[in-house]
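J.:
What follows is the structure in C-alpha cells.
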C-alpha cells in the first residue's frame, strides 16, 4: 500500500476518466505523467485531470494495480476484436469503492500505533520488592507479570517469551495476590500450547488447580455438564470417521462418487501431486469450513446458491451434512462454541465465575470466541498476542480484535514485549523493516553474531531447488534445526519429491497436515508458513518468495477464497505471513525466488539481506535436452535453454502448469496444442513445432 492510503482511489478515478480501456503500461505512464508514451499525446490523454496525478516509480504503481486487481476493484478483459489482447477496466465493486471508500479505513486500522512500554520508578521499586521471584526477566516482562490493571493487552513480538510471562503471571496471582487457582482460567489455541503451559505450571505448587484450556476443551466441558438444558437429546462431538461417512453419504445423495466430486471441486493444478486420500481429506475439511462459516455468520444455506458450479456442489453437500448431524445428535468444534454461547445466554446461572482470565495468541481470536469471553466478564482480563503474526483471517480470525482492544476496554493497559531472544540482530532488522508500516515498536535483538542472511534470485524453480539442496548439504547443523518453508503446499511437495529422490530424511507439514508427527532428530522440517507458526529453527530456507506467492494468487482450498475474500484484508495478511516466515530463523536465513521478487521485499529489505544473483547452471545443449528419458525433464531443459537465449525467466516461456498439462495431454499436432492452457496462436507459432519434437523425443 502506498504512503498515502487513499492514493489507490486516484488510480481508479484515473481509469474512469480515460476515454477507453487500456493496458497496464499505458495506465502507469498516464498516471505518472510520462509523455514519452506516444499513445498519451496521440489521444490527448495529457489534457485529462488525472494525467501525472501520482508521483510513483513504475514498479510501485504496478504493485498498486496488482493489489486493486486482487481485491476485485479492477479486472483484465479481452478486447472484442482480439481476445488475446487484454485491457484493464474498473469493476462495479471498484466503482462502488470510488463512491464510498472503505479500503483506506481498514488499512488505517491495521496501522494502529502502539507506544513502547515505559517503566516508572514506582514500578521499579515494586520489581525490587519481589526480589528473586522476578530474577532473569526484563522490565517489560516484569510489568506484564505483576500489573494490577483490570484489562491488559500484552503485545509480544516473536521470541519475546510470552508463554513464560503467561505462566509466571499465574504464579504471581496465586502466590502474591492470593487468587485461588480455581478462579483462574487460561485459554490457549492449540492442544500443544495447552500441554506446554500445564507442564510448566505442574512444577509450581501454588498454581495447582488453575484451569488451562483450549476454547474447545472449555466449551466441551460446559456442554457435558449442562448440555441437557439446551439439547433435546444426547449430543456429542463428531469423530473424523463419522465426518468422512457424512461426506460420502452426502456425495452419494447427489449421485456422485468421491472421485467425481473432487474433480468438480479442485482444479488440475490444485490436484497435482496429491493422492486420492489427501484430496478427499482436503475436500472434507473445506466442506466443514463451509458449514462452520454459515453457522458462525448466522447465514442460511440458501444464500450460498449461485451460478458457480462449485458453489452449487458445496451447497447441496453441506446442506445434507448439516441436516444429518442434527438428526444424529452430533456437534463439531464450531458447534461447541456456539452451543456454549446459547447455554450461557439462556441459562446465565451456568456461567462459571473466574476472577482472572488469560488468553494466549489473542491476534487469532474470532467473533464467536470474543463473544464467549465477554460472557465470562472476569474481574481481570489479560490477553497476549502479536498483531504482526495474525495470519488466520481465511479461517475466520480477525486482527481487528487485538488492534481495537484499547478502544473496547477503556481502562486497558498496553504492555509491549519488544526484546527478541530468538534471532540474531540482522534477522531482526529485516523483520522490523518488513513490518514497519504497522507502527508497532521495533523488536530489539538480544543475540549478536555474524551476518548469515541472504536473498537469492534464480532463473528456474529447478535451479532454486538444487541451490537450496546444496545449502542443506553444506550445513553442519542437525537436520531438525533446518526448516524449509514455502507459501503453498504444491511448492513444498515438489521440493519434498527432490529430497526423497536424494534420500534426505524429512517431515512434511502442509496446511492439511499441520498437526502431524513431530520431527525426529535426523529429519529436516518442510512446512508451509501457516503450519510452522510458533516454531523456530537455527536455519530457515524460505523458497518461492516471488510476486506469485507473496501475496499468493492461488489457493488449495477453493471454499476459502469463495467466502473470505471480502471479510479480511488478504494483502495485509500475506505481508504478515511473510513476517512469520522470516521470524522463525535463529541464526541463518536463506530466502530465494524465481521470476519477480515479492513486492513486500522492498529495496531497503533487499539491501539488509544482501540480494544477489545466483550462479546459473550450465545451459543444456541440444544433446542434453533429448538425452533426458522423461518428457518433463526434456521440456524443462528445452525451456531453460530458450530462457537463457532470451535472458528472461523460464516461466515467461512456458509455466510449470503448462508443462505438466503437456505431459498429461500429450498433444500430437499444432491443432491439439490449442487445447493446452498457456498456448495461444502466438506461442503455437513460436514454439509449437519445437515442443512437439521435445515431447516425442525426436
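Residue numbers (my numbering): 568 to 1265. The C-beta atom is built at its ideal place from N, Cα and C for all residues, glycine as well. Owing to the predicted nature of the structure, the values given are computational and were not obtained by experimental measurement.
1. State the Cα-Cα distance for the pair residue 879 and residue 818, rounded to the nearest angstrom.
2. Among 610, 890, 1137 and 1019, which has the Cα closest to the Cα of residue 960?
3. Give the DSSP-derived three-state secondary structure of residue 1254 in the structure shown.
4. May I ask you to report which of helix, strand or coil DSSP gives residue 1083?
5. State the Cα-Cα distance for the pair residue 1105 and residue 1152, rounded to the nearest angstrom.
6. For the alpha helix (DSSP H) containing residue 802, name the first residue and the last one.
7. Measuring CB atoms only, is the stretch 932 to 946 touching the stretch 907 to 916, in the sense that at least three cross pairs come out at less than 8 Å?
8. When DSSP builds the beta bridges, which residues end up paired with residue 645?
9. Out of curiosity, what's the CA-to-CA distance linking residue 743 and residue 1015?
10. Considering only residues of the same chain and omitting the five flanking positions on each side of residue 705, which have a CB-CB separation below 6 Å?
11. Leaving aside the five residues before and after residue 1178 along the sequence, list all residues of the same chain whose C-beta is less than 6 Å from its C-beta, in chain order.
12. Going by DSSP, which residues form a beta bridge with residue 589?
13. To the nearest angstrom, how far is it from the Cα of residue 996 to the Cα of residue 1018?
14. Can you tell me where the beta strand (DSSP E) with residue 926 in it begins and where it stops?
15. Could you tell me which residues DSSP puts in a beta bridge with residue 952?
16. With distances taken between CB atoms, is the gap from residue 712 to residue 683 smaller than 8 Å?
17. Do you know offhand how far residue 1268's Cα is from residue 1204's?
18. If you reduce the DSSP assignment to three classes, tell me which class residue 1041 lands in.
19. Taking the beta strand (DSSP E) that residue 1052 belongs to, which residues open and close that run?
20. Is the beta carbon of residue 933 sitting closer than 8 Å to the one on residue 964?
21. Within the same chain, show all residues whose beta-carbon is closer than 6 Å to that of residue 1256, passing over the 5 residues directly before and after it, in chain order.
22. Apply the 10 Å Cβ neighbour rule to residue 661 and answer buried if 16 or more other Cβ atoms are within range, or exposed otherwise.
23. What does a CB cutoff of less than 6 Å around residue 1008 pick up in its chain, not counting 5 residues either side in sequence?
24. Distance, Cα to Cα, residue 1148 vs residue 1141?
25. Return the chain-ordered ranges of every alpha helix (DSSP H) run that is complete within the stretch 950 to 989 and spans a minimum of 4 residues.
26. Excluding the five sequence neighbours on either side, which residues of its own chain have a C-beta within less than 7 Å of the C-beta of residue 690, listed in chain order?
27. Counting along the chain, where does the alpha helix (DSSP H) carrying residue 1227 start and finish?
28. With 16 other CB atoms within 10 Å as the buried threshold, where does residue 750 fall?
29. Can you tell me where the beta strand (DSSP E) with residue 1106 in it begins and where it stops?
30. Buried or exposed: where does residue 974 fall if 16 or more other Cβ atoms within 10 Å of its Cβ makes it buried?
31. When the Cα of residue 862 is compared with those of 790, 1103, 875 and 935, which residue comes out closest?
32. Between the stretch 754 to 774 and the stretch 795 to 804, are three or more C-beta pairs nearer than 8 Å?
33. Between the stretch 716 to 726 and the stretch 946 to 955, do three or more beta carbon pairs fall short of 8 Å?
34. Skipping 5 residues on each side, what residues in its chain have a beta carbon closer than 6 Å to that of residue 1218?
35. Report all residues from its chain with a CB closer than 6 Å to the CB of residue 779; omit the five preceding and five following residues, and keep chain order.
36. Report the rounded CA-to-CA distance for residue 1248 versus residue 900, giving the unit in angstroms.
T.: Quick look at the numbers:
1. For the purposes of this step, residue 879 is taken as residue 312 along the chain shown, with counting starting at 1. For the purposes of this step, residue 818 is taken as residue 251 along the chain shown, with counting starting at 1. Their backbone Cα atoms lie some 13 Å apart in a straight line.
2. Mapped onto the chain shown, residue 960 falls at position 393. Looking at the Cα atoms, 1137 is the closest of the given residues.
3. Mapped onto the chain shown, residue 1254 falls at position 687. Of the three classes helix, strand and coil, the one that applies to residue 1254 here is helix, per DSSP.
4. Taking the chain shown and counting its residues from 1, the one referred to as residue 1083 is at position 516. Bear in mind that a pLDDT of 47 at residue 1083, under 50, signals an unreliable position, so the model cannot answer this.
5. On the chain shown, residue 1105 is found 538 positions in, with the first residue counted as 1. On the chain shown, residue 1152 is found 585 positions in, with the first residue counted as 1. Spanning the two alpha carbons is a distance of roughly 6 Å.
6. The residue given as residue 802 occupies position 235 in the chain shown. Careful: residue 802 lies outside any alpha helix (DSSP H) and carries neither H nor E.
7. yes
8. Residue numbering aside, residue 645 sits at position 78 when the chain shown is read from its first letter. Per DSSP, 653.
9. Residue mapping note: residue 743 aligns to position 176 of the chain shown, counting from 1. Residue mapping note: residue 1015 aligns to position 448 of the chain shown, counting from 1. Spanning the two alpha carbons is a distance of roughly 36 Å.
10. If you number the chain shown from 1, residue 705 lands on position 138. Closer than 6 Å at Cβ, skipping near neighbours: 986.
11. As a working mapping, residue 1178 is identified with position 611 in the chain shown. Taken in chain order, the residues that qualify are 1022.
12. For this step, residue 589 is matched to residue 22 along the chain shown. Answer is 655.
13. Within the chain shown, the letter at position 429 stands for residue 996. Within the chain shown, the letter at position 451 stands for residue 1018. Rounded to whole angstroms, residue 996 to residue 1018 spans 11 Å at the Cα level.
14. Looking up residue 926 in the chain shown gives position 359. Per DSSP, the continuous beta strand (DSSP E) segment holding residue 926 begins and ends at 923 to 926.
15. Along the chain shown, read from residue 1 onward, the residue named residue 952 stands at position 385. For residue 952, which the question treats as bridged, DSSP gives the partners 722.
16. Counting from one through the chain shown, the residue named residue 712 turns up at place 145. Counting from one through the chain shown, the residue named residue 683 turns up at place 116. Between residue 712 and residue 683, the gap from beta carbon to beta carbon reaches 8 Å or more.
17. The question about residue 1268 has no answer here: the residues shown for the chain are numbered 568 through 1265.
18. In the chain shown, residue 1041 corresponds to position 474, counting from 1. Three-state result, residue 1041: helix.
19. Looking up residue 1052 in the chain shown gives position 485. Here the beta strand (DSSP E) through residue 1052 covers 1049 to 1053.
20. Numbered from its first residue, the chain shown carries residue 933 at position 366. Numbered from its first residue, the chain shown carries residue 964 at position 397. Against a cut-off of 8 Å, the Cβ pair of residue 964 and residue 933 comes out as a contact.
21. Residue numbering aside, residue 1256 sits at position 689 when the chain shown is read from its first letter. Same-chain partners within the cutoff: there are none.
22. Against the chain shown, residue 661 aligns to sequence position 94. Burial call: buried.
23. By 1-based counting over the chain shown, the position of residue 1008 is 441. Taken in chain order, the residues that qualify are 683, 983 and 985.
24. Translated into the one-based positions of the chain shown, residue 1148 becomes position 581. Translated into the one-based positions of the chain shown, residue 1141 becomes position 574. Approximately 11 Å, taken between the alpha carbons.
25. 967 to 970 and 972 to 975
26. For the purposes of this step, residue 690 is taken as residue 123 along the chain shown, with counting starting at 1. Scanning its chain for C-beta atoms nearer than 7 Å, with the 5 sequence neighbours on each side dropped, one finds around residue 690 the residues 710, in chain order.
27. By 1-based counting over the chain shown, the position of residue 1227 is 660. From DSSP, the alpha helix (DSSP H) with residue 1227 extends over 1223 to 1232.
28. On the chain shown, residue 750 is found 183 positions in, with the first residue counted as 1. Flag for residue 750 reads buried.
29. Position 539 of the chain shown, counted from the first residue, corresponds to residue 1106. Its beta strand (DSSP E) spans residues 1104 to 1109.
30. As a working note, residue 974 is residue 407 in the chain shown. Residue 974 should be labelled exposed.
31. Locating residue 862 in the chain shown gives position 295, counting from the first residue. The option with the nearest alpha carbon to residue 862 is 935.
32. The stretch 754 to 774 is not in contact with the stretch 795 to 804.
33. In the pairwise beta carbon analysis, the stretch 716 to 726 is classified as touching the stretch 946 to 955: at least three pairs are separated by under 8 Å.
34. Along the chain shown, one-based indexing puts residue 1218 at 651. Its chain contains 1162 as the residues whose beta carbon lies nearer than 6 Å to that of residue 1218, once the 5 sequence neighbours on both sides are disregarded; these appear in chain order.
35. For the purposes of this step, residue 779 is taken as the residue at position 212 of the chain shown. The answer, listed in chain order, is 753, 761, 764 and 765.
36. As a position in the chain shown, residue 1248 is number 681, starting the count at 1. As a position in the chain shown, residue 900 is number 333, starting the count at 1. For residue 1248 and residue 900, the distance between alpha carbons rounds to 51 Å.
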